[in-house]
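When we follow our numbering, the leftmost residue of the sequence shown carries the number 631, and every step to the right adds one.
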Amino acid sequence: MVPLMLVSLLMWGVILYRLLLLKQLYQHNITPAQACEWLGCDIAVQDRSHHDITSLLLVTFMRRRSGHAALDRYVLDEAAMVVRAELGRGLTLIGVLAAISPLLGLLGTVLGMIGTFDTIAIFGTGNARAMAGGISQALITTQTGLLIAIPGLYMRNFLQRRVDNLERRLESLRIYLNRYLLNQGDNHLAQEGR
Numbered sequence: 631m632v633p634l635m636l637v638s639l640l641m642w643g644v645i646l647y648r649l650l651l652l653k654q655l656y657q658h659n660i661t662p663a664q665a666c667e668w669l670g671c672d673i674a675v676q677d678r679s680h681h682d683i684t685s686l687l688l689v690t691f692m693r694r695r696s697g698h699a700a701l702d703r704y705v706l707d708e709a710a711m712v713v714r715a716e717l718g719r720g721l722t723l724i725g726v727l728a729a730i731s732p733l734l735g736l737l738g739t740v741l742g743m744i745g746t747f748d749t750i751a752i753f754g755t756g757n758a759r760a761m762a763g764g765i766s767q768a769l770i771t772t773q774t775g776l777l778i779a780i781p782g783l784y785m786r787n788f789l790q791r792r793v794d795n796l797e798r799r800l801e802s803l804r805i806y807l808n809r810y811l812l813n814q815g816d817n818h819l820a821q822e823g824r
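Structure below.
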């Protein structure tokens with residue numbers, strides 16, 4: 631029962647942390663047009679606390695930016711990959727913890743049944759009260775494992791949907807900023823050709 635409680639505490643700690651983080655990333659989103667305005671002003675981006683998906687991408691991009699539009703497009707792609715990896719962090723752990731909790735419950739069931747058979751060996755089948763403890767342990771651990779797993783799997787899928795939505799926003803912004811950088815490169819080449 632103690633391993634089940636530890637798994638539950640760890641799983642819900644990670645779930646709450648990810649929920650709060652994803653909630654912050656959903657809020658206060660700036661528009662892609664504002665993001666493009668910021669590309670010309672490094673100080674504004676770096677001073678802004680990155681609590682939304684757009685500014686998180688911009689801060690990551692601005693820290694690696696080279697100043698050449700062609701190279702910056704690759705830097706932007708890399709920054710998007712870094713942010714995408716950060717978004718999905720912890721979801722695998724939640725899934726694993728939710729998946730092992732019924733197995734730990736099943737282990738408790740096996741241990742409870744072993745205890746019941748030991749009781750039967752000592753007292754025989756006539757003493758139902760002596761057998762009840764092992765059967766109770768078997769059922770309670772199975773129930774607890776399932777009660778941990780079902781909400782854990784639901785929350786993992788809920789968080790995955792939130793991450794998928796943020797990744798779609800991130801991809802839209804990346805495409806928009808890539809076009810902006812492409813236009814910047816074309817403008818720079820046109821000025822050099824004069």
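Just so it is clear, CB atoms sit at the ideal spot from N, CA and C, and this is done for glycine as well. The structure displayed is predicted, hence computed values, not measured ones.
- Message: Do residue 644 and residue 720 have their beta-carbon atoms positioned less than 8 Å apart in this structure?
- Response: yes
- With burial defined as no fewer than 16 other Cβ atoms inside 10 Å of the residue's Cβ, what is the status of residue 688: buried or exposed? buried
- Task: Would you mind reading off the limits of the alpha helix (DSSP H) that contains residue 858?
- Result: Nothing in the structure corresponds to residue 858, since the chain is present only between 631 and 824.
- Excluding sequence positions up to five away, which residues of its chain have a Cβ less than 8 Å from the Cβ of residue 800? 683, 687, 710, 713, 714, 717
- If you scan the region 691 to 765 from start to end, which runs of the alpha helix (DSSP H) of 4 or more residues do you find wholly inside it? 699 to 718, 721 to 753
- Message: As a quick exercise: from 653, 641, 701, 646, pick the residue whose alpha carbon is nearest that of residue 814.
- Response: The candidate whose alpha carbon is nearest that of residue 814 is 701.
- Message: Can you tell me whether residue 739 is buried or exposed? The criterion is at least 16 other CB atoms within 10 Å of its CB, across all chains shown.
- Response: buried
- Query: Roughly how many angstroms lie between the CA atoms of residue 699 and residue 655, to the nearest whole one?
  - Reply: 27 Å
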